[in-house]
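Peer 1: What follows is a structure written as structure tokens; I'll ask about it next.
2 protein chains.
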Amino acid sequence: MQHSRNSMARRKTESTTQILSTLKAASSAMSHQMIQEELDIEVDRATIYRVLNRFCEDGMVHRVIGENGKQYFALCEGCEKENHSHNHFHFRCKNCGKVECLSREIEIKLPAGYVAQNFNGLISGVCAQCA
Amino acid sequence: MQHSRNSMARRKTESTTQILSTLKAASSAMSHQMIQEELDIEVDRATIYRVLNRFCEDGMVHRVIGENGKQYFALCEGCEKENHSHNHFHFRCKNCGKVECLSREIEIKLPAGYVAQNFNGLISGVCAQCA
DNA sequence: CTTATTATTGCAACACAGTCGCAATAGTAT
DNA sequence: ATACTATTGCGACTGTGTTGCAATAATAAG
Ligand SMILES: [Mn+2]
Ligand SMILES: [Mn+2]
Ligand SMILES: [Zn+2]
Ligand SMILES: [Zn+2]
Chain A
1234 MQHSRNSMAR
1244 RKTESTTQIL
1254 STLKAASSAM
1264 SHQMIQEELD
1274 IEVDRATIYR
1284 VLNRFCEDGM
1294 VHRVIGENGK
1304 QYFALCEGCE
1314 KENHSHNHFH
1324 FRCKNCGKVE
1334 CLSREIEIKL
1344 PAGYVAQNFN
1354 GLISGVCAQC
1364 A
Chain B
1234 MQHSRNSMAR
1244 RKTESTTQIL
1254 STLKAASSAM
1264 SHQMIQEELD
1274 IEVDRATIYR
1284 VLNRFCEDGM
1294 VHRVIGENGK
1304 QYFALCEGCE
1314 KENHSHNHFH
1324 FRCKNCGKVE
1334 CLSREIEIKL
1344 PAGYVAQNFN
1354 GLISGVCAQC
1364 A
């Protein structure tokens, strides 16, 4: 089977399937570390990052930057393959560390001539469970 | 003169005044590195961070987290000393690196029981000058 | 099934951001 | 001038995320 001219398709490995199902099982966005702790098998840190970056490239996962500067990854739910925008906020609880998607899509008007490529909205505080 | 019971007032030093005026001169948010490069005198990295953190504590400056996970600092303009909220977006140009405040204040509704402590909104892309 | 191709992995090394302890320095009040 | 202590520089440290390289393993082809 042919794929894009210069590259083969993604390969299905133990690491990729486990990371993917971990993200599916979680209802929230996870850091590389949270993922690593959930995995049944041992997977190298670098590999986890590479897998996640691939997932993002392929549009299966979106990346969130916390107010702590760290990356969190969440499965894409209702994503158009075409118009792949994740303009929604996330909430990170400073107590339990959970990072949730807030679902409502936001629209931000930019000054004339500005081109948006990436959206990152995050509110941190204390979640209902921890309050 | 008395200040809060356990701590002396802030002291005016060459570092603090220079960093402050650098932020005033800049129309945009700056990283610790951008600041360091602008300074006339040499100031240690750790000191710059400490000064900036103090400015944030005192509510003179607000902190922005880029989609690159890095911190940027901008002077507070029209800030109430009481209700000190910076619920506006920022735009970071991936080409020239400039980080601008988008001024319009945003309101985000959180699920019941959630308490917001911090807002970070950032859109990255290409600015009008670089487009 | 066997073989060839090459995507994926583990490991080590790296770059960088941001923090912190400690001793030296320098504002500020008296 | 002196005492007090906030601030600084330095070095060391933690943690995140990336990358080069050689070994491994998924997949297609025969
Ligand atoms: Mn999300
Ligand atoms: Mn701002
Ligand atoms: Zn919580
Ligand atoms: Zn630009």
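So the sequence lines, in the order shown, correspond to chains A and B. Going by our numbering, the first sequence opens with residue 1234, and the numbers climb by one from there. Going by our numbering, the second sequence opens with residue 1234, and the numbers climb by one from there. The beta-carbon is built from N, C-alpha and C at its ideal position, and this holds for glycine as well. These numbers come from a predicted model, not from an experiment.
1) What in chain B is Cβ-close to residue 1298 (chain A), meaning under 7 Å?
2) Confirm the yes/no value for this check: CB of residue 1348 (chain A), any heavy atom of ligand 4, distance under 7 Å.
3) Does the distance between the C-beta of residue 1362 (chain B) and the nearest non-hydrogen atom of ligand 4 fall short of 7 Å?
4) For residue 1279 (chain A), which three-state DSSP category applies?
5) Give a yes or no on whether the minimum CB-CB distance between residue 1327 (chain A) and chain B is below 8 Å.
6) Is residue 1285 (chain B) close to chain A, meaning its C-beta is less than 8 Å from at least one C-beta of that chain?
7) Since residue 1311 (chain A) meets chain B, which of its residues come closer than 7 Å, beta carbon to beta carbon?
8) May I ask you to list the residues that DSSP assigns as paired with residue 1305 (chain A)?
9) Examine ligand 1 and report whether any of its heavy atoms sits within less than 7 Å of the Cβ of residue 1334 (chain A).
10) Is it the case that the region 1246 to 1256 of chain B contacts the region 1284 to 1300 of chain B, given that we only count it when at least three CB pairs across the two stretches are under 8 Å?
11) Identify whether residue 1263 (chain A) lies in helix, strand or coil by the three-state DSSP scheme.
12) Determine, for residue 1347 (chain B), whether the minimum Cβ-Cβ distance to residues of chain A falls below 8 Å.
13) Assign residue 1345 (chain B) to one of three DSSP states: helix, strand, or coil.
14) Residues of chain A with CB under 7 Å from residue 1360 (chain B), in chain order?
15) Taking all protein chains shown into account, do 16 or more other C-beta atoms lie within 10 angstroms of the C-beta of residue 1360 (chain B), making it buried, or fewer, making it exposed?
16) Compute the minimum distance between the beta carbon of residue 1307 (chain A) and the heavy atoms of ligand 1, and state whether it is under 7 Å.
17) Around the C-beta of residue 1326 (chain A), are 16 or more other C-beta atoms found within 10 angstroms, so that it is buried, or is it exposed?
18) Given this structure, state the Cα-to-Cα distance separating residue 1322 (chain B) from residue 1322 (chain A), to the nearest angstrom.
19) Could you pull the start and end residues of the beta strand (DSSP E) that residue 1336 (chain B) belongs to?
Peer 2: Considering the structure as presented:
1) The residue given as residue 1298 (chain A) occupies position 65 in the first sequence. Ordered by position in chain B, the residues that pass the 7 Å Cβ test against residue 1298 (chain A) are 1298, 1300 and 1302.
2) Here residue 1348 (chain A) refers to the residue found at position 115 of the first sequence. Because no heavy atom of ligand 4 lies under 7 Å away, the Cβ of residue 1348 (chain A) does not count as near it: no.
3) In the second sequence, the residue the question calls residue 1362 (chain B) occupies position 129. True, at least one ligand heavy atom lies under 7 Å from that Cβ.
4) To locate residue 1279 (chain A), count along the first sequence from 1; it is residue 46. Looking at residue 1279 (chain A) - three-state DSSP - the assignment turns out to be helix.
5) One-based indexing of the first sequence puts residue 1327 (chain A) at position 94. Answer yes: the Cβ-Cβ gap between residue 1327 (chain A) and chain B drops below 8 Å somewhere.
6) Working through the second sequence from its first residue, we reach residue 1285 (chain B) at position 52. Contact of residue 1285 (chain B) with chain A is not assigned, every C-beta pair being separated by 8 Å or more.
7) For the purposes of this step, residue 1311 (chain A) is taken as the residue at position 78 of the first sequence. Going along chain B, no residue has its Cβ under 7 Å from residue 1311 (chain A), so there is no contact; the nearest lies around 18 Å.
8) Taking the first sequence and counting its residues from 1, the one referred to as residue 1305 (chain A) is at position 72. According to DSSP, which records beta bridges pairwise, residue 1305 (chain A) is partnered with A:1297.
9) Here the question's residue 1334 (chain A) lines up with position 101 in the first sequence. Yes; taking the cut-off as 7 Å, the Cβ of residue 1334 (chain A) has a heavy atom of ligand 1 nearer than that.
10) At 8 Å Cβ cutoff, the stretches touch.
11) Against the first sequence, residue 1263 (chain A) aligns to sequence position 30. Correct three-state label for residue 1263 (chain A): strand.
12) Working through the second sequence from its first residue, we reach residue 1347 (chain B) at position 114. Interface residue, yes.
13) Residue numbering aside, residue 1345 (chain B) sits at position 112 when the second sequence is read from its first letter. Assigned with DSSP and collapsed to three states, residue 1345 (chain B) falls in coil, not helix or strand.
14) If you number the second sequence from 1, residue 1360 (chain B) lands on position 127. Here the neighbours are 1347.
15) Within the second sequence, numbered from 1, the residue matching residue 1360 (chain B) stands at position 127. Residue 1360 (chain B) is buried by the Cβ-count criterion.
16) Here residue 1307 (chain A) refers to the residue found at position 74 of the first sequence. Because some heavy atom of ligand 1 lies under 7 Å away, the Cβ of residue 1307 (chain A) counts as near it: yes.
17) Translated into positions along the first sequence, residue 1326 (chain A) becomes position 93. A buried status is given to residue 1326 (chain A), since no fewer than 16 other beta-carbon atoms sit within 10 Å of its beta-carbon.
18) The sequence position of residue 1322 (chain B) within the second sequence is 89, counting from 1. The sequence position of residue 1322 (chain A) within the first sequence is 89, counting from 1. So the alpha carbons of these two residues sit roughly 12 Å apart.
19) For the purposes of this step, residue 1336 (chain B) is taken as the residue at position 103 of the second sequence. Per DSSP, residue 1336 (chain B) is one residue of the beta strand (DSSP E) stretching across 1332 to 1338.
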